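*Asks:* Here it is: the structure, laid out below.
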Amino acid sequence: MSDGLVDRYADFLASHPLAVVLGVLLLTGAVGAGAALGATPEDGGIGQFETESEARAAADEIERDYPSDDAIVSQVVVRGDDPLSKASLLESLRLQQSMREDAAINETLRESGGVVGLENVVATAAYYEDRAGGGGPPPAPPTLDEQVDALESRSDDEVAALVDRVLSGDANAPGAGDANPLQFLPSSYEPGDATADARITFVFQVDDSGADADPRAAWDAQLAIEERVEERFADAFVFGQGIVDDASTRAVGDSFAIITPVALVLVLLALGVAYRDVVDVLVSVLGIATVLVWLAGVQGWLAVPSSQLLIAVPFLLIGLSIDYSLHVVMRYREAREGDLRTDDDHVGRRDPTAATRLGVAGVVFALGAATVSTGIGFLSNVVSPLAAIQDFAVLCAAGILATFVVFGALVPALKLLVERLLARAGFDREQSAVGLDAGVVNRVLGAIVSLARRAPVAVVVVALLLGAAGAYGATGIDTEFNQADFLPEDAPDWAKTALPDAIAPGEYDVRENAAYLGDNFAQRGDGARADVLLRGEVTDPAVLDALDDASANADGDGTLVVRGDGRAAVDGPHTLLRSVAAENATVAAAVDERDDDGDGLPDRDVAAVYDLAYDAAPDRASEVLARDDDGSYASARLVVSVAGDAAAQSVASDVRAFADSVAADAPVTAVATGGPVITAVLQDALLETLVEAFAVTLAVILAFLVGIYWVRHGLPDLGVVTIVPVLIALAWLLGTMRVLEIPFNSETAVITSLAIGLGADYSIHLTERIVEERRRHADLDDALVAAVTGTGGALFGSAVTTASGFGVLALALSPPLQRFGLVTGLAIAYAFVACLVVLPCVVVLRERYLGAFARGSRAATGD
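Here it is, written out as structure tokens:
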């Protein structure tokens, strides 16, 4: 946008403000009409994508060759003084009865084995002991009512003795299925102990919502189960995706109930201090509201589903709107009061029309350049394979464009109409821009200019050293992705006691419960299970020995769940043979005949034993052994229990280490796969994509800045000067994230794009103002004073306001909102400091070594 085009635009806006206002309002109505369409029926998640990998191929093979369990799993954990007592076990059985009696819950439970816990194993053992020695075929497995009766008929001591027999493996409970009773107890439990700290019951649910829809019925049932658990037990909890989803939703709502009034007060207070004028505050607030109308309309027209990530977009646009508004209003005030010098050396106050013309001409190019660079910063995320991040990028870019239209056209035109109306009413409004009046802000800005004049080298060296330290720290930043980091945290005590009941937050123990589960139990479900696919000579006896050794030597401090006997909770062919042999005499005899070392596993003719196990327990055998059409064994599968609250990358590393230890001692290949492993692979691929997008973004913004400064001023090196503070601020931000232990993953990588967008915005405004003032002043010092105290004041007001607005998100109960607020607040603060402190010093050094801007020349004036 050349000076001539800028001047013509400013002249048109100042001459026809009503037409501009009506035109933008009509356009707003057309765009905003999309809000009536609403979002898609289902809220959007973060999205899914796939990438080619060894783990993905192994997962596809497992899905093809092994039976899949599509059950939705939730867990009921009972704690207390004695969770193994008769009273506690009976209460769990009665809980199961109440679940079956509730139609809404019962229809989501798997018909067979919908609820399985230690209470079922013990009650089933009691049922069969009552019928032992009667002759004839074994009775059918007991119903839930029969289990309750069997347990009620025994005394407390008799139940305690039965529990001891069940846990030691001595109880005769053929109807208990293949349930290992130790799986329902904490990993710290040691066989033979009479008590335990807790026990777990698994609830298996089904839902016909479809593969692409959330299982709402099952999730609602989990909430209903939670109510019943709280009624029956003093210390117990339910954990499942429905519980997590409900807690996360409530946490976001509670967070905004706490944050919104605080943020509103802070923003209005900051605007009030910056503007010191009700009219300007109201005009700015109207502009912000108009931008949000555009956002809602674009989201509706594009049918973009809501997602947790999109919560950030309105906050971003509010912050950017405040920044643009301050630049527009402060530049108008400079022109109105005669503080803004022009080539005609005008002295004294200007009328509102002339002030608007001069103010818009002085700021609209910088706004446009900032819009393009900031938009590029966010559009870089379009390359993400995740739909939610693509939507985030598109809505951010559209909102940034809307912000430019509103504050580059509507707000200055509307302000001019209001100023004319007030002038006709006899109000003589004298308002100075922030930073120009004598005061703290003016003194600070003056000190910055003085520092740039006296010690530019020292400032740049210190900034670069800190940037280098930040960049070095960033090399060791945590890049792991942990789903537990997204679980809401409980509110601080002050929030529960000091806030009115209407906005007081609820109780959130889901994060604590997830950690307890991960530390104590082998959980069920995709997030707590990984797989290892074995290919090759899976019937070689060395495979069974390798599995046994790897399970016995697992690292107890890692993410693999270790049972009370010290062995990793890994199910595979070795555990299959032992469990089936314990129930089937034929399989037991075959194993004994071929067991040369007494470890309970065959040391020869393994294929024949596998055949017998298949005949005795085909369902269980098919879960860990895959047979070809000719009956030969093509592969084996290991099911590895892992900590459900551990980072995906940590789980993947430990599972791969386990797989490698197996493959090292057996003639097979072992590939780690399963939910957490694939998540780690995808997150690493996604992060790599985002980092590449960062690099492309910086290159494109640099090329854009070099181009516009070359075309507009004949000074392409100013593009490099402008981008330097952006890079320094980004390095500071990444280094701080390392110090604060904030991971740099696919979530925070999106957030840190703010550092690029806002940093470029601030730098463009100040660079453009320095060039403008240098064109009018013979001395660089005078140009820096005029630029820094003028535009610097607007930047200061913008940074304080937006950092305060974003910073209050650190009070949120939702960790993603906390991280968003903290990282964004740091990005704004660092971008402001780097722009106001480093950029003037770089400009001084640039002029010192490359020569002064060509004052009055064709390059400088744009003529």
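No gaps in the numbering here: position 433 of the sequence shown is 432 in numbering that gives the first Met the number 0, and each next residue is one more. The C-beta atom is built at its ideal place from N, Cα and C for all residues, glycine as well. Note that the coordinates shown come from a computational prediction; the quantities given were computed from them, not determined experimentally.
1) Within 10 Å of its beta-carbon, does P173 have 16 or more other beta-carbons around it, so buried, or fewer, so exposed?
2) Cβ atoms of T373 and G112: under 8 Å apart, would you say?
3) Any chance you could list the alpha helix (DSSP H) runs of at least 4 consecutive residues sitting entirely within the stretch 758-806, in chain order?
4) Give the DSSP-derived three-state secondary structure of D602 in the structure shown.
5) Determine the direct distance from the alpha carbon of V363 to that of V19, and round the result to whole angstroms.
6) Quick one, are the C-beta atoms of A195 and A103 less than 8 Å apart?
7) Could you tell me the alpha carbon to alpha carbon distance between K414 and I321, rounded to whole angstroms?
8) Give the single residue among F657, V842, A514, P411 whose Cα lies nearest to the Cα of L783.
9) Report all residues from its chain with a CB closer than 7 Å to the CB of G475; omit the five preceding and five following residues, and keep chain order.
10) Roughly how many angstroms lie between the CA atoms of L838 and P16, to the nearest whole one?
11) For the pair the stretch 801-810 and the stretch 418-430, tell me if three or more CB-CB distances fall below 8 Å.
12) By alpha-carbon positions, which one of V650, F403, D659 ends up nearest to I287?
13) Would you call the stretch 569-585 and the stretch 536-555 in contact, with 3 or more CB pairs under 8 Å?
14) Would you call N105 buried or exposed, if buried means 16 or more other Cβ atoms sit within 10 Å of its Cβ?
15) Once the 5 residues before and after I677 are set aside, which same chain residues still bring their CB inside 7 Å of it?
16) Can you tell me which of A446, V654, D508, V787 puts its alpha carbon nearest to the alpha carbon of V237?
17) Closest to I763 by CA distance: which of I722, I727, A798, A679 is it?
18) Throw me the rounded Cβ distance for the A625 and A545 pair, which I believe falls under 8 Å.
19) What first and last residue would you give for the alpha helix (DSSP H) that runs through L546?
20) With DSSP run on the structure shown, which of helix, strand or coil describes A616?
21) Taking Cβ positions, are T800 and A365 nearer each other than 8 Å?
22) When burial is assigned at 16 or more other CB atoms within 10 Å of the CB, is G239 buried or exposed?
23) Does the stretch 449-456 come within contact of the stretch 375-391, defined as at least 3 CB pairs closer than 8 Å?
24) Can you tell me where the beta strand (DSSP E) with T27 in it begins and where it stops?
25) What are the complete beta strand (DSSP E) segments, minimum 3 residues, inside the stretch 94-167?
26) Between the beta-carbon of T27 and the beta-carbon of T289, is there less than 8 Å?
27) For the beta strand (DSSP E) holding A702, just list the boundary residues, first then last.
28) Let me check understanding here. Comparing Cα to Cα, which of R349, E128, N512 lies closest to P138?
29) First and last residue of the alpha helix (DSSP H) that includes R78?
30) Which residues in the same chain have their Cβ closer than 6 Å to the Cβ of F480, if we skip the five residues on either side of it in sequence?
31) With a threshold of 6 Å on Cβ separation, who are the neighbours of Y829 within its own chain once the five nearest residues in sequence on each side are excluded?
32) A9: buried (16+ other C-beta within 10 angstroms of its C-beta) or exposed?
33) Could you check how far apart the C-beta atoms of A786 and I769 are, in whole angstroms? I think they sit under 8 Å.
34) Near N583, what residues of its chain come up, given a Cβ to Cβ distance below 7 Å and the 5 sequence neighbours on each side ignored?
35) Rounded to the nearest angstrom, how far is the Cβ of G557 from that of D644, given a contact under 8 Å?
36) How would you call L532, buried or exposed, if buried means at least 16 neighbouring beta carbons within 10 angstroms?
*Replies:* Quick look at the numbers:
1) At P173, the pLDDT of 47 sits below 50, so the modelled position is not reliable; the number obtained from the coordinates is stated separately. Classification of P173: exposed, given that the 10 Å Cβ count is below 16.
2) no
3) 779-806
4) coil
5) 15 Å
6) no
7) 15 Å
8) V842
9) R737
10) 35 Å
11) no
12) F403
13) yes
14) exposed
15) A54, R55, A58
16) D508
17) I722
18) Their Cβ separation, rounded to whole angstroms, is 18 Å, which puts A625 and A545 out of contact at 8 Å.
19) 540-551
20) coil
21) no
22) buried
23) no
24) Note, T27: premise wrong, no beta strand (DSSP E); alpha helix (DSSP H) at 16-31.
25) 114-116
26) yes
27) No beta strand (DSSP E) holds A702; the alpha helix (DSSP H) holding it covers 674-712.
28) E128
29) Here R78 belongs to no alpha helix (DSSP H); instead the beta strand (DSSP E) covers 71-78.
30) A647, Q682, N744
31) A728, W731, L732
32) buried
33) 4 Å
34) A615
35) At roughly 13 Å, the Cβ-Cβ gap does not stay under 8 Å, so G557 and D644 are not in contact.
36) buried
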